[in-house]
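Below is one structure, written out as structure tokens, with a few remarks after it.
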Amino acid sequence: MIPGALRELQSLPRLRLQRCFFLRPAEVVAPELLNKILVVGICTGRIVEVEAYRQHDPASHSFRGRTQRNAAMFAPGGHLYVYFTYGMHHCANVVTGVAGDGQAVLLRAVVPLAGLDVLRPRRPAARRDADLANGPGKLCQAFALDRSFDGGDMCSPAAPVWIGADGTAPPVEPRVTERIGIRVGVDLPWRWLAP
DNA sequence: TTGAGGATTCTC
DNA sequence: AGAATCCTCAAA
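Residue 52 in the numbering used here sits at position 46 of the first sequence; the count goes up by one each step and never skips.
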């Protein structure tokens with residue numbers, strides 16, 4: 007066993023977050039997702055940056071109601087909402103609240119933990135491992151998340167994508183800022199970062 | 001059918 | 001600061 011692989015095995019999360027965790031408002035779930043672990047097959051990453059979006063929020067894709075594109079946002083908490091934007095990037099969200107709420111938490115950055123050898127070739131522009139998944143589009147490119155994952159249920163035992171916990175608590179004092187990359191709803195302090 | 005804009009990233 | 005690049009949705 008080579009050291010890197012052993013380290014990756016030891017970092018595997020043991021607990022899969024259950025439905026009840028996600029059946030709460032996005033701005034409550036979001037900061038609690040910090041330090042949790044995104045699992046996609048053998049690849050994992052610690053969540054370090056998130057943003058919350060709700061239906062009566064002009065910045066949210068669900069603001070104007072359900073469409074074909076955002077339908078997954080209206081699923082029960084614990085599902086995935088993955089969308090395509092700017093003609094080249096995907097962004098991944100964790101749906102929150104109960105069915106019909108139209109809420110989600112955008113996964114903006116993770117620190118890769120396992121599967122680095124799989125992630126690196128997918129991110130040729132990343133010169134350092136720190137740049138593999140430090141952005142919502144980069145994260146999806148590294149973890150190969152696209153619209154084929156949209157609507158998936160992360161609470162299903164067979165789910166290829168899920169959120170795990172390894173016992174690390176969310177940061178006691180996360181950095182909180184306004185959301186970025188949006189033109190409306192810029193006032194809400196709904197972006198959280200692990201220090 | 002059309003067109004404007006986008007929860008971004010990379011390079012100059 | 002600007003380009004890349006194409007899907008989505010609302011309006012006509």
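Virtual Cβ for every residue (Gly too), placed ideally from N, Cα, C. These figures come from a predicted structure and were not determined experimentally.
Let me know if residue i comes out buried or exposed under the rule of 16 or more other beta-carbons within 10 Å of its beta-carbon.
i	result
I48	exposed
L21	exposed
E55	buried
M7	Only weak support exists for where M7 lies, its pLDDT of 49 falling under 50; the value from the coordinates is given anyway. With fewer than 16 other Cβ atoms within 10 Å, it is exposed.
T102	buried
R197	buried
E33	buried
V182	exposed
I53	buried
C146	buried
Q109	buried
Helix, strand or coil: which one does DSSP assign to residue i?
i	result
I186	coil
D137	helix
F150	Per the sequence presented here, residue 150 reads as Ala, with Phe not at that position. Of the three classes helix, strand and coil, the one that applies to A150 here is coil, per DSSP.
R25	helix
L40	coil
A32	helix
G170	strand
L145	helix
Going by C-alpha to C-alpha distance, which of the options sits closest to residue i?
i	options	result
D193	S68, H95, P64, G93	P64
R60	R70, I53, G51	R70
A98	L113, P163, V46	L113
G157	F149, V167, A150, P163	V167
T91	A36, P195, P142, W196	P142
A105	Y89, I53, F80	F80
V46	G191, M160, V34, P201	M160
H67	P201, F149, D107, F155	D107
L29	I53, H85, R52	H85
P180	I169, A200, I186	A200
V35	I169, D152, A150, G191	I169
R185	P31, Q24, E57, P37	E57
Ordered list of beta strand (DSSP E) runs contained in the region 48-134, each at least 3 residues: The qualifying runs are 49-59, 86-91, 95-102, 109-120.
Tell me, please, whether the region 171-178 touches the region 29-43 by the rule of three or more beta-carbon pairs shorter than 8 Å. Yes: the two stretches touch, three or more of their Cβ pairs being nearer than 8 Å.
Would you call the region 86-101 and the region 117-125 touching, i.e. three or more CB-CB distances under 8 Å? These segments do not touch.
Does the contact criterion of 3 or more C-beta pairs under 8 Å hold for the region 122-132 versus the region 73-91? Note that the region 122-132 does not touch the region 73-91; fewer than 3 beta-carbon pairs, one per stretch, sit closer than 8 Å.
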